Amino acid sequence: MLPLGAVMAALAGALLGFPVLRMHGDYLAIVTLGFGEIIRPVLNNWVSFTGGPNGVPVPSPRCLASSLPAGPRMAASPSMSYSTSATTPT
337 MLPLGAVMAA
347 LAGALLGFPV
357 LRMHGDYLAI
367 VTLGFGEIIR
377 PVLNNWVSFT
387 GGPNGVPVPS
397 PRCLASSLPA
407 GPRMAASPSM
417 SYSTSATTPT
């Protein structure tokens, strides 16, 4: 799935990049931001490809035959432990 994402990003960059290369300054920024604002609702409403607002379902990762907890705690615990260890004086 990751190579597909890389190919699609390269394709989108090429499609946007070649016409925009001739623009400078404010026009370059306006076209780039406009492309992002157009592509966001298109991908959000393309349910058959992106899963819509719910995204593509991915099974819960398994580690040593036990499933890891899902949800906000799964992301919060490592980030909190990292921020605690990063700010603790040595």
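In the numbering used here, the protein residues as written are 337 to 426. All C-beta atoms, glycine included, are put in the ideal place defined by N, C-alpha and C. Source: prediction; values computed, not measured.
Spatial neighbours of Leu352 within its chain, please: C-beta separation below 8 angstroms, excluding the five flanking residues on both sides.
Val367, Thr368 and Phe371
Tyr363 to Pro395 span [Cα, whole Å]:
43 angstroms
Where Pro393 sits in the DSSP three-state scheme:
coil
Work out the CA separation of Met359 and Ala342 for me, nearest whole Å.
25 angstroms
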